[in-house]
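Residue numbers (my numbering), protein chains in the order written: chain A, 175 to 329; chain B, 175 to 329.
The next block holds one structure in the form of structure tokens; read it before the comments.
Number of protein chains: 2
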Amino acid sequence: MKDFPGTPGTFTGLVLRVSQCLLAAGSIASMVTAACFFRYTAFCYLIASMGLQVFWSFALAWLDSYALVKKKIIHNPILVGLFVIGDWVTATLSLAAAASSAGIAVLFYQEDLGVCHNDCPKYQMSISLAFMSWVTIKTSALIMLWILFTGNLIH
Amino acid sequence: MKDFPGTPGTFTGLVLRVSQCLLAAGSIASMVTAACFFRYTAFCYLIASMGLQVFWSFALAWLDSYALVKKKIIHNPILVGLFVIGDWVTATLSLAAAASSAGIAVLFYQEDLGVCHNDCPKYQMSISLAFMSWVTIKTSALIMLWILFTGNLIH
């Protein structure tokens, strides 16, 4: 079960990490092109959270590529423990950031607050990408937890 | 490991379920006493999500009490599978609801939107209780996933 799809060091694992990275980067890009995003704490928090995810997923994509090229199995308990903690922290932060930004975006849509209405589609795109990014990181987090709990590790 | 703290049918499991139920009920109570909560989608969503959690946690608390009184072990694969799905769905919805409401509450605090400012402490109390409730349901969800993945089940 060492090469179960999505586990570290597999091609599907690499695809998951790269998609997390791209979706989070897309979310940041869409948010920063909006003119007034910095006025809203939730949107700044979304950028910070997606920034953390880009950094984390990029590091793990790099590690996956290294493991694939060198044909190494990187399922040792310390590494998998670190992956689990990192994935769960980033997944929780991403969901919270996406949900809080979505709350604000829905408020903008419902009530005429008279600010930044031209930016609303950019906010919506950014939030959608953040939710998609959360789905991919959550998938990774569940796979990591499964490896840790079932003991598919090299001691 | 059948009586690991927090597993279904244990006293700690029952305490977790009852605290989920009470925190979610407290969150709803605090929100509905605010005069204008119904104007904001995120707050209505918080009430719906906390309502679902009260219902779910109450049902599981009842099941835990039954198992404790009758001294039955309720770790069969179908039941634990159901608990995992229910716990993960309610935990995700609770976090999303608490985060989106928190986004709105922070916006109210920062910008003078001229509406319902007397209600802000009630919103904040409701959101804090919702976050605490999420911590307890997430704990239950992790324990359930651990039972499912490690195969501590009766077939």
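Glycine is no exception: its CB is placed at the ideal position from the N, C-alpha and C atoms.
Would you say residue i lies against chain A (beta-carbon separation less than 9 Å)?
i, result
"T266/B", "yes"
"I278/B", "yes"
"Q227/B", "no"
"Q298/B", "no"
"T181/B", "no"
"L281/B", "yes"
"Q194/B", "no"
"A216/B", "yes"
When the distance is taken between beta carbons, is residue j closer than 9 Å to residue i?
i, j, result
"A270/A", "A273/B", "yes"
"T264/B", "S223/B", "yes"
"F217/A", "A203/A", "no"
"I278/A", "L267/B", "no"
"L220/B", "P182/B", "no"
"Y297/B", "F211/B", "yes"
"T215/A", "Q284/B", "yes"
"T324/A", "T186/B", "no"
Check the Cβ-Cβ distances between residue i and every residue of chain B, and say whether any is below 9 Å.
i, result
"S274/A", "yes"
"W320/A", "yes"
"T324/A", "yes"
"A241/A", "no"
"A222/A", "no"
"T313/A", "no"
"L269/A", "yes"
Taking C-alpha atoms, which residue in the options lies nearest to residue i?
i, options, result
"W230/B", "A276/B, S300/B, G260/B, F323/B", "G260/B"
"W308/B", "F185/B, E285/B, T324/B, L226/B", "L226/B"
"S201/B", "M299/B, P179/B, Q284/B, A233/B", "M299/B"
"G180/A", "A304/A, L303/A, Y214/A, H249/A", "H249/A"
"M205/B", "T324/B, W320/B, N292/B, G325/B", "N292/B"
"W262/A", "T184/A, W320/A, F178/A", "W320/A"
"V228/A", "P295/A, I252/A, L256/A, S193/A", "S193/A"
For the putative contact between residue i and residue j, defined by C-beta atoms under 8 Å, what is the C-beta separation to the nearest angstrom?
i, j, result
"M306/A", "V258/A", "Contact doesn't hold; Cβ gap of about 22 Å is too wide."
"V254/A", "L322/A", "5 Å"
"A276/B", "I311/B", "At roughly 17 Å, the Cβ-Cβ gap does not stay under 8 Å, so A276/B and I311/B are not in contact."
"L188/B", "A235/B", "6 Å"
Tell me whether residue i, by its Cβ, gets closer than 8 Å to a heavy atom of the ligand MN.
i, result
"R191/B", "The ligand MN is not among the ligands present in this structure, which contains no ligands whatsoever."
### Query
Are three or more beta carbon pairs between the segment 189-204 of chain A and the segment 243-260 of chain A nearer than 8 Å?
No, they do not touch.
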